Amino acid sequence: MSPAERRRWLRAAGLFVALLLVGAWPIDLARRGFSAAYAATANVLVTAVTFGRGGHARLAALDRPRERGPGEEVSADANLLLAVDGYEGELPVGVSLRRDAYLPLLIVLAAVVAAPLPWRRKGRALLVGLPAVFALTLVSLWLLVMWLFTHQLRGVYTAVPARDWLLDLIFRAFLLPPGHRFLVPFLLAAALVAWQKRVTAGATVGPLQLQRGVECSSAPEGPGDPARGK
Amino acid sequence: MSDRRAIELPLRMERRRSLRRTVLVTGLLMLAVSVLVYFPYDPGSVPGRALVRYLEAQAWLVGTVLGWFDASVSVQGNLILGRFPMAIVVDCAALDALAFFAAAVLGFPAAWRSKLAGVAAGCAAIITVNLVRILTLYVAGVHWPALFSVLHEEVLQVLMVATALAAFALWVRWTMRAPGRPQVVDVAG
Chain A
63 MSPAERRRWL RAAGLFVALL LVGAWPIDLA RRGFSAAYAA TANVLVTAVT
113 FGRGGHARLA ALDRPRERGP GEEVSADANL LLAVDGYEGE LPVGVSLRRD
163 AYLPLLIVLA AVVAAPLPWR RKGRALLVGL PAVFALTLVS LWLLVMWLFT
213 HQLRGVYTAV PARDWLLDLI FRAFLLPPGH RFLVPFLLAA ALVAWQKRVT
263 AGATVGPLQL QRGVECSSAP EGPGDPARGK
Chain B
5 MSDRRAIELP LRMERRRSLR RTVLVTGLLM LAVSVLVYFP YDPGSVPGRA
55 LVRYLEAQAW LVGTVLGWFD ASVSVQGNLI LGRFPMAIVV DCAALDALAF
105 FAAAVLGFPA AWRSKLAGVA AGCAAIITVN LVRILTLYVA GVHWPALFSV
155 LHEEVLQVLM VATALAAFAL WVRWTMRAPG RPQVVDVAG
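From first to last, the protein sequence lines stand for chains A and B. So the mapping is simple: my numbering equals the position in the first sequence, first residue as 1, plus 62. So the mapping is simple: my numbering equals the position in the second sequence, first residue as 1, plus 4.
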């Protein structure tokens with residue numbers, strides 16, 4: 063990597079951190095706004111699904127975030143409300159939409175915006191990346207609801223040991239670890255930037271590259287032919 | 005121009021194939037390592053007991069360092085007792101960062117000696133950063149309790165992921181610069 067390219071990437075890293083700090087700064091109004099918007103959007107899909115024998119779920123944003131209580135993983139800014147046909151009431155399960163959805167989206171947004179790419183390429187990367195992260199958050203939510211109905215609110219699903227065991231394994235190995243929420247967006251952002259960088263590089267003719275010590279015996283002879291090396 | 009493309013295109017295609025293979029192998033390894041690490045082992049099994057010992061060791065190390073500054077700190081198993089009691093559980097052990105790092109290094113095309121050295125050094129670095137993370141959380145819990153949640157659930161989690169990514173990037177740089185590794189040079193100018 064040339065010094066100029068290194069400087070570009072260092073500047074990009076600095077910009078990424080700055081964007082992340084600004085975007086992640088805990089502002090109550092922003093948190094409530096995002097929770098409400100995300101819950102409304104996600105509910106279009108979540109409420110359309112019936113889980114097992116009459117299980118339903120929906121998201122409800124909280125007016126005030128609730129601190130983590132005993133036995134809880136996170137402080138909650140929304141409730142995942144579970145209901146079963148034929149039973150009164152809804153069981154609330156606290157979730158943190160800021161951790162599970164807002165920060166992953168912010169990581170992809172900040173990384174792509176900060177990357178040293180033309181703006182059109184950034185736009186394309188975001189057009190792919192942001193919906194992909196949103197879809198992943200919905201899949202995580204769907205898996206969480208399935209796990210809750212399978213392992214906590216029994217009776218909604220007929221017990222199938224192999225399926226229940228597999229679901230529990232997926233839940234513990236991929237949903238529960240807190241770092242996965244941030245690792246996947248980081249990796250996705252890196253892949254998007256690499257993809258758009260390759261598209262940008264492919265638009266120009268690259269220099270001829272030879273591996274040291276490898277003879278170019280198939281290259282024809284001729285004066286000034288670069289394949290003849292020194 | 006066609007002579008240059010005749011040499012350039014096969015190299016690019018080979019590099020692309022190699023990259024796809026690396027990404028696929030690394031992705032599968034990450035899935036496998038995550039499952040191995042987070043499998044719900046029986047507490048009496050060898051991996052189950054090893055995990056408990058690991059968590060207790062983390063608690064003991066953090067408790068020892070905190071004890072130099074805070075005489076009220078004591079450790080019982082995986083519990084750090086003091087002005088801000090904490091339980092060191094699976095989610096506190098940075099297993100997700102360790103799993104990602106190990107899988108990424110093992111999946112990368114490099115000599116096995118480099119990979120093993122990388123896994124050992126990188127995991128040691130990540131565990132050290134995690135211990136500092138737990139220390140920070142205790143201090144925040146005592147002096148700035150309002151910050152504890154955001155540090156615990158967000159800032160320091162992102163820091164652990166960034167540490168694992170940075171460790172992997174540094175290892176790749178180190179292993180690519182190792183003597184005897186073929187260099188790709190630009191002879192066009």
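Using N, Cα and C, we set each Cβ at its ideal position, and we do this for glycine too. Keep in mind that this is a model prediction, so the values were computed, not measured.
query	result
Contacts around R137 (chain B), its chain only, beta-carbon distance under 8 Å, and the 5 residues preceding and following it disregarded	A98, L160, L163 and M164
Own chain residues within Cβ distance below 7 Å of R161 (chain A), not counting five before or after	V136 and R243
Whether L135 (chain B) touches A144 (chain B) by CB criterion (8 Å)	no
CB-CB length for F172 (chain B) against V109 (chain B), believed under 8 Å	7 Å
Reference A251 (chain A); option with closest CA among A:R186, A:L231 and A:L229	A:R186
Under 8 Å between C-beta atoms of L229 (chain A) and V174 (chain A)	no
For L210 (chain A), the nearest candidate out of A:A86, A:L143, A:V106 and A:T109 (CA to CA)	A:L143
Where P88 (chain A) sits in the DSSP three-state scheme	coil
Closest by C-alpha distance to L83 (chain B), when choosing among B:T68, B:W175 and B:R21	B:T68
Beta strand (DSSP E) runs wholly inside the segment 143-203 of chain A, at least 3 long, in chain order	153-157
For A256 (chain A) and A107 (chain B), the rounded distance between their alpha carbons	20 Å
Contact between the segment 97-106 of chain A and the segment 77-84 of chain A (3+ Cβ pairs under 8 Å)	no
Check whether L171 (chain A) and A86 (chain A) have beta carbons under 8 Å apart	no
Min CB distance Y45 (chain B) to chain A below 8 Å	no
Test item: CB-CB of A110 (chain A) and L124 (chain A) under 8 Å	no
7 Å Cβ cut-off: residues of chain B touching W242 (chain A)	At residue 242 (chain A) the sequence reads His, which differs from the Trp that was named. Ordered by position in chain B, the residues that pass the 7 Å Cβ test against H242 (chain A) are D100.
Euclidean distance between Cα positions of L169 (chain B) and P239 (chain A)	16 Å
Coarse secondary structure for R181 (chain B), derived from DSSP in three states	coil
DSSP-derived helix/strand/coil call for V218 (chain A)	coil
Min CB distance V123 (chain B) to chain A below 8 Å	no
Neighbourhood of K119 (chain B) by C-beta distance below 6 Å, restricted to the same chain and skipping five residues each side	V109 and L110
With 16 other Cβ atoms within 10 Å as the buried cut-off, status of L59 (chain B)	buried
Chain-ordered chain A contacts of Y42 (chain B) [CB-CB under 9 Å]	L231, R234, A235, F236, L238 and P239
Of the listed residues A:M63, A:F196, A:S64 and A:R73, nearest to A177 (chain A) (C-alpha basis)	A:R73
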